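Residue numbers (our numbering), protein chains in the order written: chain H, 1 to 126; chain C, 127 to 252.
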C-alpha cells in the first residue's frame, strides 16, 4: 500500500513536514512508539515526530512483509520494521483513513520483536 | 467501549468460545502478541487464543485508560494492559468493525511498555 510505503520513506528522509502532511488532519490521532506511553492528539503525536526526526543521524527504516486489511475507507496495515539491512526488530500496526484521493495515517503502533526477523526469512512467512 | 471491555473479560475468563465469537468472521484478521511474529488469518489467530487461554492459570487481564478513535464503522482502541492489580506492562491497539449490532475484533496488537504504568498514574494521563 503506497501510503504505508510513503510513511517509511518520509521517516527515512527525516522529513518532518511530509510526516505532518501524511497524518490525518484530525484531533484524535494516536501513536504508540516502542515501549512508550500513548500519545493522543495531533499536537502530541507531531511533537514526537519532530523530536525523533529532527535529530541526526537519520535512521533508514524499512517495512517488511506488509499486510493490509481493507475495511471500507479504513486500512489496517501490519509489517515488520528494520533499520538498514539489519533483521527487523519491531512489529508495527499502521491505520490509515481515506481522505478524498489520499490515505492518511490516524494511528501508529510499533513494538519490539523478541526474535528479530531476518530479511531472508520473509519468503517463508504466511 | 463495550466490545473492548468484553475482550478483556473473555480473556480473563479464559473463554475460548467467547473469544472466537468476538472476532470477526473474516478470513484476514490479524494479531500481534507481545514480542511475537504476526498471526494472519482466522485459523492462526484463533489457534493462538486457544493455546493461550486453555492452559491454567487464567490471567486476569485488565484494560486501563482506553481511548477510542471512531472511524465510521471501524473503531481503533488503545489502552494499557495489566494483570491483576500490577502496574500495566503492555500497550495495546484493538481494532473492531461494526457487524450489524455488534462490534467484532479484526486486529489485536500488544507490546511491552518500557516503564509499566501504575493504576494511580491514570488520573494524570492525557
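C-beta: ideal position from N, C-alpha, C; glycine also.
Remember, it's a predicted structure, so these values are computed and weren't measured experimentally.
Margin query: So, at 7 Å on beta carbons, what are the nonlocal neighbours of residue 146 of chain C in its own chain, with the 5 sequence-adjacent residues on each side left out?
Written below: One-based indexing of the second chain puts residue 146 of chain C at position 20. If we look at residue 146 of chain C and ignore the five residues flanking it on each side, its Cβ neighbours are 172.
Note to self: What does the Cβ neighbour count give for residue 207 of chain C, buried or exposed, with the cut at 16 atoms within 10 Å?
What the structure shows: The residue you call residue 207 of chain C lines up with position 81 of the second chain. By the beta-carbon neighbour count (other beta carbons within 10 angstroms, threshold 16), residue 207 of chain C is buried.
Next item on the list: Return the residues of the stretch 162-185 of chain C that lie within a Cβ-Cβ distance of less than 8 Å from chain H, sorted by chain order.
Entry: Cβ contacts with chain H: 162, 163, 164, 166, 167, 170.
Item checked: Opposing strand residues paired with residue 69 of chain H [DSSP bridges] -> Here residue 69 of chain H refers to the residue found at position 69 when the first chain is read from its first residue. Residue 69 of chain H pairs with H/76.
Note to self: Against chain H, with Cβ distances strictly below 9 Å, would residue 142 of chain C count as a contact?
What the structure shows: Locating residue 142 of chain C in the second chain gives position 16, counting from the first residue. Contact with chain H is absent for residue 142 of chain C, since none of that chain's Cβ atoms lies less than 9 Å from the residue's Cβ.
Checklist line | Residue nearest to residue 57 of chain H in terms of C-alpha spacing, selected from H/110, H/15, H/101, H/75 | finding: Here residue 57 of chain H is taken as the residue at index 57 of the first chain, counted from 1. Nearest C-alpha to residue 57 of chain H: H/15.
Next item on the list: Answer with yes or no whether the minimum CB distance from residue 72 of chain H to chain C is below 9 Å.
Entry: Stepping through the first chain from its first residue, residue 72 of chain H is reached at position 72. Yes, its Cβ sits closer than 9 Å to a Cβ of chain C.
Notebook entry, point to check: In three-state terms, what does DSSP make of residue 43 of chain H?
Noted result: Position 43 of the first chain, counted from the first residue, corresponds to residue 43 of chain H. Assignment of residue 43 of chain H by DSSP, reduced to helix, strand and coil, places it in the helix class.
Notebook entry, point to check: Using 9 Å as the limit for Cβ to Cβ distance, is residue 134 of chain C near chain H?
Noted result: Mapped onto the second chain, residue 134 of chain C falls at position 8. Not flagged as an interface residue toward chain H: residue 134 of chain C, since no C-beta distance is shorter than 9 Å.
Notebook entry, point to check: Counting only beta-carbon atoms, is residue 3 of chain H nearer than 9 Å to chain C?
Noted result: Counting from 1 along the first chain, the entry for residue 3 of chain H is found at position 3. Answer no: the Cβ-Cβ gap between residue 3 of chain H and chain C never drops below 9 Å.
Checklist line | residue 195 of chain C, buried or exposed, once every other Cβ within 10 Å from all chains shown has been counted against 16 | finding: The count along the second chain starts at 1 and reaches residue 195 of chain C at position 69. With 16 or more Cβ atoms within 10 Å of its Cβ, residue 195 of chain C is classed as buried.
Checklist line | Option in H/29, H/3, H/35 with minimal Cα separation from residue 214 of chain C | finding: Taking the second chain and counting its residues from 1, one reaches residue 214 of chain C at position 88. Per the Cα distances, H/35.
Checklist line | Same chain, Cβ closer than 8 Å to residue 212 of chain C, neighbours up to 5 away in sequence not counted | finding: Taking the second chain and counting its residues from 1, the one referred to as residue 212 of chain C is at position 86. 242, listed in sequence order.
Next item on the list: Please go through the same chain and pick out, in chain order, the residues whose beta-carbon is closer than 7 Å to the beta-carbon of residue 83 of chain H, but skip the five residues on each side of it.
Entry: Position 83 of the first chain, counted from the start, is the residue given in the question as residue 83 of chain H. These residues qualify, in order along the chain: 59, 60, 61.
Check: Hey, residue 223 of chain C and residue 199 of chain C: beta-carbon distance below 9 Å or not?
Finding: Counting from one through the second chain, the residue named residue 223 of chain C turns up at place 97. Counting from one through the second chain, the residue named residue 199 of chain C turns up at place 73. Yes, they are a contact pair.
Item checked: Assumed close pair residue 177 of chain C, residue 165 of chain C - CB separation to whole angstroms, cut-off 8 Å -> Taking the second chain and counting its residues from 1, one reaches residue 177 of chain C at position 51. Taking the second chain and counting its residues from 1, one reaches residue 165 of chain C at position 39. Rounded to the nearest angstrom, the Cβ distance from residue 177 of chain C to residue 165 of chain C is 11 Å, too far for a contact under 8 Å.
Notebook entry, point to check: Leaving out five residues before and five after residue 11 of chain H in sequence, what residues of the same chain have Cβ atoms less than 6 Å from its Cβ?
Noted result: Residue mapping note: residue 11 of chain H aligns to position 11 of the first chain, counting from 1. Cβ within range, chain order: 61.
Check: What are the boundary residues of the beta strand (DSSP E) that residue 248 of chain C is part of?
Finding: Looking up residue 248 of chain C in the second chain gives position 122. For residue 248 of chain C, there is no enclosing beta strand (DSSP E), as DSSP marks it with neither H nor E.
Margin query: Does chain C have any CB closer than 9 Å to the CB of residue 125 of chain H?
Written below: Along the first chain, one-based indexing puts residue 125 of chain H at 125. At least one CB atom of chain C sits nearer than 9 Å to the CB of residue 125 of chain H.
Next item on the list: Alpha carbon to alpha carbon, how far is residue 204 of chain C from residue 191 of chain C? Give it in angstroms, no decimals.
Entry: In the second chain, the residue the question calls residue 191 of chain C occupies position 65. In the second chain, the residue the question calls residue 204 of chain C occupies position 78. When only Cα atoms are considered, residue 191 of chain C and residue 204 of chain C end up about 8 Å apart.
Checklist line | Straight-line gap, residue 235 of chain C to residue 158 of chain C (C-alpha atoms, nearest Å) | finding: As a first step, residue 235 of chain C is located in the second chain; it is residue number 109 there, counting from the start. As a first step, residue 158 of chain C is located in the second chain; it is residue number 32 there, counting from the start. Approximately 5 Å between the Cα atoms of the pair.
Margin query: Taking the straight line between their C-alpha atoms, what separation do you get for residue 129 of chain C and residue 226 of chain C?
Written below: The residue you call residue 129 of chain C lines up with position 3 of the second chain. The residue you call residue 226 of chain C lines up with position 100 of the second chain. Whole-angstrom Cα-Cα distance: 13 Å.
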